[in-house]
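Numbering (my numbering) for the sequence shown: 5 to 162.
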Amino acid sequence: MTDITKWKFSWRIKRIRVRWRQWRRSINNTIKPEDNVVSPFAEKSIRLWKLLLKDKSSKMGFNTWGIRQIERGNLLLVFQHNPTSDSIMTIMDVNDNNHNIYELHINIKQSMQVSELFDNEMDKRMSESESKKRNIIETDLDKLLKEEESKSKPLQNI
């Protein structure tokens, strides 16, 4: 084979591969509907995650690697979001009587939902704390203003 025929042959194969990938993407997830099925364990862990998010006494944390965590009492939930494949949720229930650690794999669709729920709740809590902080600063400034005004009034009367 000459170089030109090799090139034409390789180009045709590459074109076929591209069309094959485009066809598979066009189907999306219709070939494998079982990927969208949530296991009972994952469903229960997501419900637990939602319950802890609703609880205002729970502590929430987020780091730069995208790991989200919720802590309440002796319960700690850690969620490691992976946008390309299954995400991992780790549940730790440690107390004097038992030490339980569970690791669950959650598919992409549900992991996106879990991440959004956490991010929305974190935004709400952050905006609430910022508004409380602003109110505290404002009341402190008002008190300082009143103190300084009361100190300066006797000086003005002289």
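Glycine included, every Cβ here is placed at the ideal spot set by N, Cα and C.
- A contact is defined here as three or more CB-CB pairs under 8 Å, and the stretch 15-23 fails this definition with respect to the stretch 77-90.
- The Cβ atoms of residue 57 and residue 122 lie closer than 8 Å to each other.
- Approximately 14 Å separates the beta-carbon atoms of residue 62 and residue 95; this is outside 8 Å, ruling out the contact.
- By the 16-neighbour rule on beta-carbons within 10 angstroms, residue 130 is exposed.
- Membership of residue 49 in the alpha helix (DSSP H) is indicated by the continuous run 44-58.
- DSSP, reduced to helix, strand and coil, places residue 89 outside both helices and strands of the structure shown, so it counts as coil.
- Excluding residues up to 5 positions away in sequence, 76 lie with their Cβ nearer than 7 Å to the Cβ of residue 59 in the same chain.
- Here residue 111 is near residue 42, since their CB atoms are less than 8 Å apart.
- In the displayed model, residue 98 falls within a strand according to three-state DSSP.
- Per the C-alpha coordinates, the member of 46, 106, 90 positioned closest to residue 97 is 106.
- Residue 64 has 74 as its beta-bridge partners, per DSSP.
- If you compare the alpha carbons of 68, 90, 69, 104 with that of residue 81, the shortest gap goes to 104.
- Taking the CA atoms as reference points, residue 114 sits about 13 Å from residue 45.
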